[in-house]
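The sequence shown lines up with residues 1 to 230 when you count with full-length UniProt numbering.
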Amino acid sequence: MIARTSPWYAHAVQLLAAGPAHALTPPARLEWSTHPGLGPGAEAIGRDLSGKRLLELGCGSGHNAAHLAQHHQARVTGVDLIGLQVRRARSHYGHIDGTSFAAGHALHHLRAGTRIYDAVCSVFGAVGLVAPELLLPAISRHLRPGGVLAFSVPHPARAGRRPLPDDGPREDYITLPDRTRLPVTRWEFDAPRWAAHLARAGLRLTSAVELRHPRLDPWPTTLLITARTR
């Protein structure tokens with residue numbers, strides 16, 4: 001019932017109404033930002049992902065998972081809170097070897113499972129939408145030694161905002177396909193604050209990249225963080 005009251009459920013309903021889900025060709029590139037071609041692609045996770053076991057938290061319609069499986073021969077599990085999105089992901093990309101999709105809350109999925117991953121990724125997904133003091137330690141426990149966590153989140157200074165001075169969440173919104181805005185809660189940190197949260201979870205920050213379209217955005221719009229288990 002919680003998932004059905006989520007703004008992400010409303011988003012999925014509108015996507016489903018826009019057209020039936022059907023088999024798709026995976027995208028040629030993994031995108032961390034809303035601007036195609038901006039910043040790194042899958043190399044942010046690793047240069048050689050063949051045979052690696054990856055987990056995407058907040059997989060949506062499955063585009064990233066399918067890219068990683070088909071173009072990098074990774075074994076990818078995509079998890080999303082919204083069952084409608086998982087159904088779309090399976091319809092889109094269930095034919096791609098190496099992909100599997102599961103419905104559930106990211107934190108619950110991690111706490112219930114025992115599988116160890118080579119890397120975990122999140123593209124505007126669960127990282128930043130679930131309390132980091134809960135989610136990051138759960139991720140860390142499912143990464144092998146030297147495993148990678150890579151995630152993109154809205155930049156805390158986008159549109160001229162000021163980063164919050166504390167560890168609390170900020171009220172934000174998502175824009176649905178019909179342009180309706182619905183409220184969401186996000187944890188929005190700058191790179192040093194993310195580094196502190198990662199360190200408390202046993203992870204070491206390895207890079208923080210600010211992404212901004214050179215012509216369209218006067219401020220950075222996306223923060224791409226990578227970290228490794230200690």
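We treat Cβ as the ideally placed atom computed from N, Cα and C, and that holds for glycine.
Practice prompt. From the DSSP output, read off the bridge partner residues of alanine 150.
Written response: Cys121 and Thr226
Discussion item. In this structure, how does DSSP classify proline 26 when only helix, strand and coil are distinguished?
Written reply: coil
Worksheet item: Which whole-angstrom value describes the C-beta separation of leucine 135 and alanine 126, a residue pair presumed to lie in contact below a C-beta threshold of 8 Å?
Response: 6 Å
Item to complete: Taking glycine 83 as part of the alpha helix (DSSP H), name the residues at either end of that continuous run.
Response: 83-93
Fill in: Residue span of the beta strand (DSSP E) that contains leucine 57, given as start and end
53-57
Worksheet item: What residues are listed by DSSP as bridge partners for valine 184?
Response: Asp172
Discussion item. I'd like the span of the alpha helix (DSSP H) that includes alanine 74, first residue to last.
Written reply: That residue, alanine 74, is in no alpha helix (DSSP H); it is neither H nor E in DSSP.
Worksheet item: Would you call arginine 88 buried or exposed, if buried means 16 or more other Cβ atoms sit within 10 Å of its Cβ?
Response: buried
Discussion item. Can you list, in chain order, the residues of its chain with a C-beta nearer than 6 Å to that of proline 27? Leave out the 5 residues immediately preceding and following it.
Written reply: His63 and His67
Worksheet item: What first and last residue would you give for the beta strand (DSSP E) that runs through alanine 208?
Response: 203-211
Fill in: Simplified DSSP state of leucine 164, which is helix, strand or coil
coil
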